[in-house]
Amino acid sequence: MENSYDHHQFEAKWRERWESDSCFRWRNDGTKPKYYVLEMFPYTSGKLHMGHVRNYTMGDIIARLQRARGFDVLYPTGWDAFGLPAENAAIARKIHPRKFTGDAIVSMKTAMQRLGLSYDWSCEVNTSEPEYTRAQQLMFVEFFKKNLVYRASSFVNWCESCQTVLANEQASGGTCWRCEGHVNKRRVSQWFMNIRSYADELLESLDQLPGWPDSVKNIQRAWIGRSEGAEILFQVEGVSAPLKVFTTRPDTLFGSTFVALAPEHDLIDRMQLPSSKKAAVGAFRSETLLQAVKDRAQQEEKRGVFTGCYTINPINGDRVPIWIVNYVMMDYGTGAIMAVPAHDQRDFEFAKQYDIPIRTVILKEGSDPNAQLAEAYTGDGVLVNSGSFDGTPNREAIAAITAALAEKQRGKATREYRLQNWSISRQRYWGNPIPMIQCDACGPVPVPEDQLPVLLPEEVEFTGRGSPLGQIPSYIQTTCPTCGGPAERDPDTMDTFMDSSWYFLRYTASRCESPFDRAVVNRMLPVDVYIGGLEHATLHLLYSRFIIKVLRDLGMLDFDEPFARLYNQGMVNDTEGRKQSKSAGNVVEPSRVTDKYGTDALRLYMMFATAHNAPLNWNDDGPRESRTYLNRLWRLQDRLREPLSEHNATMPSVEFCPGKAEKELRKTVHETIRKVTDDVERLQFNTAVAALMTLTNAIYVYPEDAHAQPVAAAYRVLIRLAGPFVPYICEEIWSNIGDGSLLVARPWPEFDPTALIVATKEIAVQLNGKFILTIEVADAATEKEVLEHALAQPRVDRRIDGRAVKKVVHVPGRLVNVIVA
RNA sequence: GCCGGAGUGGCGGAAUUGGCAGACGCGCGGGAUUCAAAAUCCCGUGCCCGCAAGGGUGUGAGGGUUCGAGUCCCUCCUCCGGCACCA
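Per my numbering, residue 341 is the first one in the first sequence, and the count goes up by one each step.
Rendered as structure tokens:
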């Protein structure tokens, strides 16, 4: 006890003891209510950075606290172990991705264990291991059998430097999400998952997620991008199949003076282009298709080419020209629009440039129908130049015109989505092989279950060019499981977002033969608290929600959403607020801080510095300042030596609290229990730490001549409350002052609301809403007594200055507001 | 451009439902301890006027609702995040 605080002397000791006593084991025996705490598992980059420390400390505090409160806590972790960086390391440094990943796991796991994180490591999951690979391949085969995956050859986002296909959200802004290289359009045959068929549910069930931050829900809503409108069929001259157009403004149909197609649109190949137009059309298409997605999206100038072909407007029989334009995207809607220059700014600009007629069909109230438009009018109004619909308010005309088209079988109300279907094929080695065989006679055939998993071949040369698996004949060449003839394996691996969209199910049965145990998963999920970065708002979190709904519809589990509550921890930046990065040379190593100040000091600093979701700009003084507090916590052992040796209670007892000082301390103890418990529940770790400091201060200033039992007990409560935040020092102190048990095995202190009631309370007195002073009134005082007491104050009386009191507002227990003229 | 979120002391940040703005910490000032210093413990600390008692003022700017606004409403400014020819 006389030793000064030296973290080196006991961190390893307690880590080993917690491990050997299985303190953090998930029991899964149904005897206690369950609690599932989850963090976004790390990608196996090899380094643990401050962002991880911040994220995992939050989860660890919740896990430790909930265990103490009597929950059967599942708090697991694992490794997002497949992916491009390991493969790139293989190409650059000739290290096999399996070795690179294995080494990374060893070093990261050691670092994570040093942080005192209370994971149940027996649940550990590694997405690159054969068991996980097999489980996911079983699920893929199931998806295939139920037609949830399909093969399509289409224009996809192609990253030139990664030589791979990207999902739309992985190519946001025209740059690759991983290497930030240019993304082009390219026609490739891929496996897709039909996430769009779940778009409505993914959107609507966001409203049933009160535990999610609005920011993430809004990002997902925008990402899904549902818009209501109509699909309209245009007859193209010389082509039998009608052209489908999507619009949100069917009310403007009479104003459509041309139809515009995306350059990729396949109708262009089926139209009979006049020979005079063929060269220009061909040139425009190939030029546009060669452009990187980003360049095309950022191109301000609207350009296009007239095809020489015409189509018939189904509402009025107008013959309108068909153009191919650079501002219509194949990805959205039908890749074709009815252009209405008068009421759409983009169409307006295009029509001006190419001298296409502009016809007003919506008139703003009180404006001149013949006025020249300076820009498109997109507001509301009344229909003109629209035949029998003239005079109809445009909002009504939307439904009316849609109905008129439906009657003629020329259109219907419909919805479109910004969300694209999920392309899951990757032309990479270090991923989960797609368990499919392509047979010329039988088509795509799944690998039979008894032959799973399809494992990656070990002997591979990593050149960084083309398809790594496709170049290995011994892997590719196989026989068809159906007909026995020669066939080829799918040369691709699955997008790693597939791995991470169900790993949290696997934790509950990490060695199970089937992908997961249905009964256990149904009991443990949804995850109670999920913590991770906001950067996964549209990728991982949307895919996970989708996969859970798919598994539900396949009858494999019985809930709708994977994560009941979601929290996004803020970034850890450098001192200037810039992102930490190797290239900027501003990375602070967690181990350097923990060596010098101890794990607890680092954890405490990260929790105290700022709110959980605000960015944390690193402050070099922070860990030292936290250490100062820990020293203060430590020294109380010595300072309270006598009280602690005389009294072994773990709570301040009422009978030992006769005087004001004792009662006040007891009140502070219970306020702290309540505040720490509530604050951790809301992830307000900074204010929880502040409450611990307040109790610490109260113990320091507790009068020496007051009764010893309350202060000894208060200190024991403090150590128990601080345990989840700074576990090592608290376990060590507890071994000196406790009851011989391990602190981590102690239940959480009980909150007693009656301890908050003391004899008097403070009431603020205001005059005309302006604060004057506080008065002390008896706890049981009536309203009349409180008001009399307030008005009797000389300072209040002086400020009233003889004016008549018009009204008095009394908020019991809080304030009195005296209103005078 | 559109959709979110946020602007509070010298600094990091508190303020559950509209009810004493600035909890807690850093820094700073004072005191105790010490031969002295560090460390430690105690007290003080939004700003302005005042020796003090006391008074004024104050949550990005302006307006509004209310007995009462950091909190609710409107307009504007700044910063951060998301989306961006989405038909």
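Cβ atoms here follow ideal geometry from the backbone N, Cα and C, with glycine treated the same way.
E641 (DSSP reduced to helix, strand or coil): coil
Through-space distance from N395 to P590, alpha-carbon basis: 49 Å
Assigned exposure category for V1020 - 16 Cβ within 10 Å defines buried: buried
E705, buried or exposed, once every other Cβ within 10 Å from all chains shown has been counted against 16: exposed
Beta-carbon gap between A941 and L970 smaller than 8 Å: yes
Backbone CA spacing between M341 and I1069 [nearest angstrom]: Because the pLDDT of M341 is 42, which lies under 50, any placement of that residue in the model is unreliable, and the number read from its coordinates should be weighed accordingly. In a straight line, the C-alpha of M341 is about 12 Å away from that of I1069.
Proximity to M838 [Cα-Cα], best of F532, I1103 and M911: F532
Bridge-paired residues (DSSP) for G783: C779
Assigned secondary structure, E1102 (DSSP; H/G/I helix, E/B strand, else coil): strand
Contacts around G824, its chain only, beta-carbon distance under 6 Å, and the 5 residues preceding and following it disregarded: none
Continuous beta strand (DSSP E) assignments of at least 3 residues falling wholly in the segment 532-602: 567-576, 583-587 and 598-601
Ranges of the alpha helix (DSSP H) found wholly within the segment 717-780, counting only runs of at least 4: 734-747
Which of helix, strand or coil DSSP assigns to E828: strand
Outcome for K642 when other beta-carbon atoms lying within 10 angstroms are tallied against a minimum of 16: buried
Contiguous beta strand (DSSP E) assignments of at least 3 residues, all confined to the segment 1037-1073: none
Classification of T651 by the beta-carbon crowding that lies within 10 angstroms, buried from 16 upward: buried
Alpha-carbon to alpha-carbon, L573 and A746: 10 Å
Reduced DSSP category for N862 - H, G, I as helix; E, B as strand; rest coil: helix
Alpha-carbon to alpha-carbon, D1141 and K1110: 15 Å
Contact between the segment 850-869 and the segment 462-478 (3+ Cβ pairs under 8 Å): yes
CA-to-CA distance, L1032 to R1056, given in whole angstroms: 12 Å
P902, DSSP secondary structure in three states: coil
Proximity below 8 Å, CB of L984 to CB of A1052: yes
Range covered by the alpha helix (DSSP H) that runs through V890: H880 to D893
Cβ contact check for the segment 798-815 and the segment 756-763: 3 or more pairs under 8 Å: no
Residue environment, Y415, which counts as buried when at least 16 other CB atoms sit within 10 Å: buried
Stretch-stretch touch, CB-based, cutoff 8 Å, three pairs: the segment 538-558 with the segment 521-530: no
Residues near H862 in its chain [Cβ-Cβ closer than 8 Å; skip 5 each side]: Per the sequence shown, the amino acid found at residue 862 is Asn instead of His. So the list reads L897, D898 and F899, once near-sequence residues are dropped.
Neighbourhood of N926 by C-beta distance below 6 Å, restricted to the same chain and skipping five residues each side: D914 and Q920
Straight-line gap, E982 to D1045 (C-alpha atoms, nearest Å): 12 Å
Given 8 Å, three or more beta-carbon pairs between the segment 650-664 and the segment 567-581: yes
T848, DSSP secondary structure in three states: helix
Runs of beta strand (DSSP E) lying entirely within the segment 669-701, each at least 3 residues, in chain order: 676-679
Per-residue burial, D960 [other beta carbons within 10 Å of its own, 16 or more giving buried]: exposed
Coarse secondary structure for W366, derived from DSSP in three states: coil
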